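Notes for the one structure printed next.
Residue numbers (the numbering used here): 69 to 345.
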């Protein structure tokens with residue numbers, strides 16, 4: 069026999085409330101079960117420049133407040149002229165990238181030609197939308213897609229939301245927990261027609277400042293020799309920037325920031341006076 073409730077005690081569509089009302093208790097008592105700790109990737113950035121696109125991502129993955137991995141890869145080639153950068157639940161994100169790579173390779177072998185960059189962006193949008201049920205359970209995947217459009221002879225980049233919404237950005241895009249901080253740095257430093265070298269420095273600075281403000285974003289690890297992944301996509305294809313070059317650029321950035329900090333402290337200190345804490 070189904071239970072009956074009056075207007076004041078009817079739990080409505082709340083199933084947990086229904087169980088409580090009939091004396092069975094909630095299916096998961098509050099605080100009795102620890103939430104599952106999922107591995108998440110964090111900040112990635114993509115910037116358009118004169119010859120194509122730069123994609124970069126930090127190497128840290130977190131599980132709650134713990135660092136679960138210090139050297140995870142977040143920037144992958146999709147095919148010869150495009151790439152994907154991932155943020156969100158790491159396991160499903162990496163699996164999505166692998167399937168995306170396989171689909172593009174399959175299309176190329178069947179059709180004998182590359183799928184257009186627009187078609188690649190649309191295909192990834194469908195994959196993100198199909199992942200929505202898992203995203204609603206806390207397994208969200210929010211990638212960036214970028215590539216060199218051989219028809220337009222220009223770099224293009226696309227951003228997504230968890231529903232599969234696809235948005236083309238004209239200059240730059242960021243996603244992940246540190247995206248606000250990274251995006252602010254890029255917004256301030258971006259200029260139309262940037263050179264490759266200037267764009268690499270801008271991407272590295274964006275990730276460094278994001279790591280400085282967001283605990284889930286990993287900065288350069290000078291002790292372990294771990295640095296963010298940086299890649300360029302041009303008419304010559306997807307090319308990962310060698311790690312020694314990335315490391316050198318980070319060292320130069322740290323030296324510049326240290327010099328600025330030192331000069332600021334010196335200027336704020338009167339002659340003969342100890343610096344104030």
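Note that CB positions come from ideal geometry on N, CA and C, so glycine has one too.
Quick caveat: nothing in here was measured; it's all calculated off a predicted structure.
To which residues does DSSP link residue i through a beta bridge?
i	result
residue 301	121, 306
residue 217	222
residue 145	151
residue 109	129, 156
residue 170	DSSP, once it has assigned bridges, lists no residue as partnering residue 170.
Classify residue i as buried or exposed, calling it buried when 16 or more other Cβ atoms lie within 10 Å of its own Cβ.
i	result
residue 235	exposed
residue 296	buried
residue 100	With a pLDDT of 47 at residue 100, under the threshold of 50, the predicted position of this residue should be treated as unreliable, though the coordinate-derived value follows. Exposed, since its Cβ has fewer than 16 Cβ neighbours within 10 Å.
residue 335	exposed
residue 170	exposed
residue 274	buried
residue 277	buried
residue 204	exposed
residue 188	buried
residue 180	exposed
residue 332	exposed
Using three-state DSSP, classify residue i as helix, strand or coil.
i	result
residue 227	strand
residue 72	coil
residue 127	coil
residue 286	coil
residue 212	strand
residue 261	coil
residue 116	strand
residue 234	strand
residue 291	coil
residue 326	helix
residue 243	strand
residue 193	helix
residue 137	strand
residue 312	helix
residue 101	At residue 101 the pLDDT is 44, less than 50, meaning the model places this residue with poor confidence; the figure from the coordinates comes in the next sentence. Residue 101: coil per DSSP, three-state reduction.
residue 77	coil
residue 335	helix
residue 201	helix
residue 180	coil
residue 165	helix
residue 254	helix
Which whole-angstrom value is the C-beta distance of residue i and residue j, which I expect to be below 8 Å?
i	j	result
residue 214	residue 224	7 Å
residue 138	residue 294	6 Å
residue 258	residue 240	6 Å
residue 309	residue 262	Incorrect: roughly 15 Å between the Cβ atoms, too far for contact.
residue 346	residue 111	Here the chain comprises residues numbered 69 to 345, so residue 346 is not present and cannot be evaluated.
residue 212	residue 114	5 Å
residue 118	residue 160	In fact, because the Cβ distance is near 35 Å, the residues do not count as touching under 8 Å.
residue 126	residue 285	5 Å
residue 246	residue 279	7 Å
Give every residue of the same chain whose Cβ lies closer than 7 Å to the Cβ of residue i, excluding the five residues on either side of it in the sequence, and list them in chain order.
i	result
residue 151	123, 143, 144, 145, 214, 215, 299, 301, 306
residue 20	Given that the chain is displayed from residue 69 to residue 345, the structure contains no residue 20 and the question cannot be resolved.
residue 217	185, 224
Might you give, ordered along the chain, the residues of its own chain that have their beta carbon closer than 8 Å to the beta carbon of residue i, omitting 5 neighbours on each side?
i	result
residue 173	147
residue 176	147, 182, 183
residue 315	288, 293, 295
residue 198	232
residue 317	268, 269, 272
Leaving out five residues before and five after residue i in sequence, what residues of the same chain have Cβ atoms less than 6 Å from its Cβ?
i	result
residue 107	129, 131, 136, 158
residue 196	228, 232
residue 244	110, 111, 112, 155
residue 71	90
residue 81	none
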